[in-house]
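Undergrad:
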Amino acid sequence: RVGADPAVPGMVLPSGVRERVAAVHRGSALPERLRLYDGWATDYDQHVAALEYRAPHLAAASLAFAFPAAPAEARLLDVACGTGLVAREVRGGTGWDGMGWDGVGMRDNARLPPQLHRHGFRCLHGVDGSAGMLERARSTGLYQELRQCVLGREPLPGPAEQYDAVTVVGALGEGQVPTTVLPELLRVTKPGGFLCLTTRSNPSNLRYKWELEVELGKLECCGAWQKLLAQEVGYWERATSEEESTQGTGYISGVVYLYQKCPVPPLEED
Numbered sequence: 002r003v004g005a006d007p008a009v010p011g012m013v014l015p016s017g018v019r020e021r022v023a024a025v026h027r028g029s030a031l032p033e034r035l036r037l038y039d040g041w042a043t044d045y046d047q048h049v050a051a052l053e054y055r056a057p058h059l060a061a062a063s064l065a066f067a068f069p070a071a072p073a074e075a076r077l078l079d080v081a082c083g084t085g086l087v088a089r090e091v092r093g094g095t096g097w098d099g100m101g102w103d104g105v106g107m108r109d110n111a112r113l114p115p116q117l118h119r120h121g122f123r124c125l126h127g128v129d130g131s132a133g134m135l136e137r138a139r140s141t142g143l144y145q146e147l148r149q150c151v152l153g154r155e156p157l158p159g160p161a162e163q164y165d166a167v168t169v170v171g172a173l174g175e176g177q178v179p180t181t182v183l184p185e186l187l188r189v190t191k192p193g194g195f196l197c198l199t200t201r202s203n204p205s206n207l208r209y210k211w212e213l214e215v216e217l218g219k220l221e222c223c224g225a226w227q228k229l230l231a232q233e234v235g236y237w238e239r240a241t242s243e244e245e246s247t248q249g250t251g252y253i254s255g256v257v258y259l260y261q262k263c264p265v266p267p268l269e270e271d
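Structure representation (structure tokens):
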């Protein structure tokens, strides 16, 4: 097809998608990376739809498992919110029921029903390093607050223990957000609150994934949080090269992590 890039055998992606994905993951300097995201913002939703990018959907499913009925006042912080894909899933009308979640794992072919949400989050705050992405997120009308913040370079805006749930979907990867940000995510989460994180399992991200899981494990060992879920998903998104494809499927795999911040232990009486 004219104007399209064949990524792997039997697979066609819209023109420019491979180049965009490669550019933002190649580990360029921060100012250049932010410029790339600013320039991608207009076409981002169209491109991730072509990639069949499922991470926002899967993150919403894990939160639905943690919050069968999210309290009306519950606050969610969407870190690296981009154009608002997570907000659309947890608030904007794809439904909070029938998430394809069985309390143990995610069905690999799970799909959301096209129904309005009944139990999703209604108070959403978002942060992102890209002004262009934030502009698109603001246009959704789904966030009560949006702030620019370059995670890893500056602290998250707001006081400690403010959020019932924190998500980082898509940004934890090679050339993106460093694994050292985990304590800052914990800082803004309420005791007993939930953190939903995702990363990819494709070959070029395996070193980062290993480093991430080391840091996740350290925080669990010191009693900062408890792991509720680490679910590998085979069809995470379409691969942009044959080398990245999982066993020739044309897709890459990924993983959803769900943690609960440990409550503050009660003071022992004398």
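For the sequence shown, counting from 1, position 65 maps to 66 in the numbering used here; every step adds exactly one.
Cβ coordinates follow ideal geometry from the N, Cα and C atoms, glycine included.
Comparing the CB of Cys223 with every heavy atom of the ligand NAP, is any distance shorter than 6 angstroms?
TA: Absence of the ligand NAP is noted for the structure shown, with no ligands found whatsoever.
Undergrad: Would you please state the rounded distance, in angstroms, between the beta carbons of Gly176 and His26? I believe it to be under 8 angstroms.
TA: Taking the sequence shown and counting its residues from 1, the one referred to as residue 176 is at position 175. Taking the sequence shown and counting its residues from 1, the one referred to as residue 26 is at position 25. Sure, about 5 angstroms apart at Cβ, within 8 angstroms.
Undergrad: Expressed to the nearest angstrom, what Euclidean distance is found between the alpha-carbon atoms of Arg239 and Cys197?
TA: Counted from its first residue, the sequence shown places residue 239 at position 238. Counted from its first residue, the sequence shown places residue 197 at position 196. If you take the alpha carbons of Arg239 and Cys197, they lie about 22 angstroms apart.
Undergrad: Taking the alpha-carbon positions, what's the Leu187 to Thr200 distance?
TA: Taking the sequence shown and counting its residues from 1, one reaches residue 187 at position 186. Taking the sequence shown and counting its residues from 1, one reaches residue 200 at position 199. So the two alpha carbons sit approximately 18 angstroms from each other.
Undergrad: Does the stretch 83 to 90 come close enough to the stretch 57 to 67 that 3 or more CB-CB pairs lie under 8 angstroms?
TA: yes
Undergrad: Comparing C-alpha positions only, which one of His126, Tyr45, Glu20 sits nearest to Thr168?
TA: Translated into the one-based positions of the sequence shown, residue 168 becomes position 167. Measuring from the Cα of Thr168, the nearest candidate turns out to be His126.
Undergrad: Comparing C-alpha positions only, which one of Arg148, Arg123, Ala30 sits nearest to Met134?
TA: On the sequence shown, residue 134 is found 133 positions in, with the first residue counted as 1. Of the listed residues, the one whose Cα sits closest to Met134 is Arg148.
Undergrad: For the stretch 214 to 225 against the stretch 256 to 265, are there 3 or more C-beta pairs whose distance is under 8 angstroms?
TA: yes
Undergrad: Going residue by residue through the stretch 126 to 205, where are the continuous beta strand (DSSP E) segments of at least 3 residues, counting only ones entirely within it?
TA: 146 to 149, 164 to 169, 190 to 201
Undergrad: According to DSSP, simplified to helix, strand and coil, what is Arg123?
TA: Along the sequence shown, one-based indexing puts residue 123 at 122. Of the three classes helix, strand and coil, the one that applies to Arg123 here is coil, per DSSP.
Undergrad: I'd like to know whether the C-beta atoms of Leu230 and Thr180 end up nearer to each other than 7 angstroms.
TA: As a position in the sequence shown, residue 230 is number 229, starting the count at 1. As a position in the sequence shown, residue 180 is number 179, starting the count at 1. Contact: no.
Undergrad: Do you know how far the Cα of Arg154 is from the Cα of Arg21?
TA: Along the sequence shown, read from residue 1 onward, the residue named residue 21 stands at position 20. Along the sequence shown, read from residue 1 onward, the residue named residue 154 stands at position 153. When rounded, the distance between both Cα atoms is 23 angstroms.
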